[in-house]
């Protein structure tokens with residue numbers, strides 16, 4: 001490795017440290033981890049903006065960096081749906097059916113961390129939670145009252161209620177929270193995708209959940225509330241706080 005590359009790597013780590021120190025008391029631990037991952041990809045020239053969610057994440061990171069006076073040489077272009085015609089096809093291609101799910105679960109490491117990864121995958125597949133939301137789950141966030149209710153702190157530090165599909169028979173009796181982190185999950189998901197030949201990311205689990213609900217006739221506003229979308233539509237903004245499982249969800253096993 002040349003001297004220039006070594007120095008670039010050191011400068012990148014210094015910037016990341018400055019960023020983390022400046023924000024550690026201003027955002028949640030999981031948000032900071034997500035921001036750090038995005039910042040690292042930006043500085044390393046590996047950021048791919050293929051969705052509005054990723055665009056919003058990158059925009060938030062660049063805004064925070066500017067606020068603390070951190071120089072980040074990156075120009076984020078304005079998001080345009082017309083500029084990404086392949087998004088819908090990309091989502092469809094990465095949907096996960098039961099056969100693919102079983103192959104993915106089988107390919108997880110046979111270790112304690114691997115068991116946690118399996119649980120994280122199952123929870124997201126059956127609830128639509130984001131990776132950061134899954135890993136932030138605590139035993140006190142899970143409420144059993146005929147349904148499996150999850151109290152979630154999502155993006156933007158906003159709280160919402162969602163549900164875990166009962167028909168999945170996920171055992172949470174001894175759940176004490178996750179010890180694995182985002183880096184471990186993403187690295188293993190990449191490895192599993194290569195090993196199984198299945199084109200997917202962890203976020204594909206969330207897309208699959210939403211698609212399953214749509215096919216099951218659950219209303220779009222209900223789905224937007226379950227997923228914690230902030231900008232799905234004007235109608236969704238005015239919905240009442242979600243606190244009940246509706247009939248369409250019951251038919252899907254909630």
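Residue numbers (full-length UniProt numbering): 1 to 254. Yeah, the Cβ is synthetic: ideal placement off N, Cα and C, and Gly gets one too.
TODO: Have a look at 52, 20, 51 and 25 and flag the residue whose alpha-carbon is nearest the alpha-carbon of residue 37.
DONE: 20
- [ ] Assign residue 190 to one of two classes, buried (16 or more other C-beta atoms within 10 Å of its C-beta) or exposed (fewer than that).
- [x] exposed
- [ ] In the DSSP assignment, find the beta strand (DSSP E) that holds residue 163 and state where it starts and stops.
- [x] 159-164
Task: For residue 96 and residue 201, believed in contact at Cβ under 8 Å, the rounded distance - done: Not quite, the Cβ-Cβ distance comes to about 10 Å (not below 8 Å), so this is no contact.
- [ ] Tell me whether residue 49 sits in a helix, a strand or coil according to DSSP, three-state version.
- [x] coil
Task: Nearest neighbour of residue 173, chosen from 142, 195, 199 and 179 [CA to CA] - done: 142
TODO: Give the straight-line distance between the Cα atoms of residue 94 and residue 199, rounded to the nearest whole angstrom.
DONE: 6 Å
Open item on the list: Taking the beta carbon of residue 67 as the centre, do at least 16 other beta carbons fall within 10 Å, making it buried, or is it exposed?
Closed with: exposed
Open item on the list: Using only CA atoms, which one of 195, 226, 24 and 17 lies nearest to residue 206?
Closed with: 226
Open item on the list: Let me confirm a value: residue 214 is counted as buried when at least 16 other C-beta atoms fall within 10 Å, else exposed. Which label applies?
Closed with: exposed
Task: Nearest neighbour of residue 70, chosen from 23, 51 and 158 [CA to CA] - done: 23
Open item on the list: Let's test the definition: count the other Cβ atoms within 10 Å of the Cβ of residue 33 and tell me whether it reaches 16, buried, or not, exposed.
Closed with: buried
Task: Span separating the alpha-carbon of residue 73 from that of residue 29 - done: 25 Å
TODO: Use the C-beta contact count for residue 187: other C-beta atoms within 10 angstroms, 16 or more gives buried, fewer gives exposed.
DONE: exposed
Task: Neighbourhood of residue 59 by C-beta distance below 7 Å, restricted to the same chain and skipping five residues each side - done: 76
TODO: Would you kindly work out how many angstroms separate the C-alpha atoms of residue 192 and residue 204, rounded to a whole number?
DONE: 13 Å
Task: Option in 210, 11 and 35 with minimal Cα separation from residue 183 - done: 35
- [ ] Per DSSP, which residues does residue 191 bridge with? Please list them.
- [x] DSSP, once it has assigned bridges, lists no residue as partnering residue 191.
- [ ] Please name the residue, chosen from 112, 134, 117 and 148, that lies closest to residue 104 on a Cα-to-Cα basis.
- [x] 117
TODO: Label residue 111 either buried or exposed according to how many other C-beta atoms from any shown protein chain fall within 10 Å of its C-beta, with 16 as the threshold for buried.
DONE: exposed
Open item on the list: Please identify the residue among 185, 43 and 160 whose C-alpha is closest to the C-alpha of residue 13.
Closed with: 43
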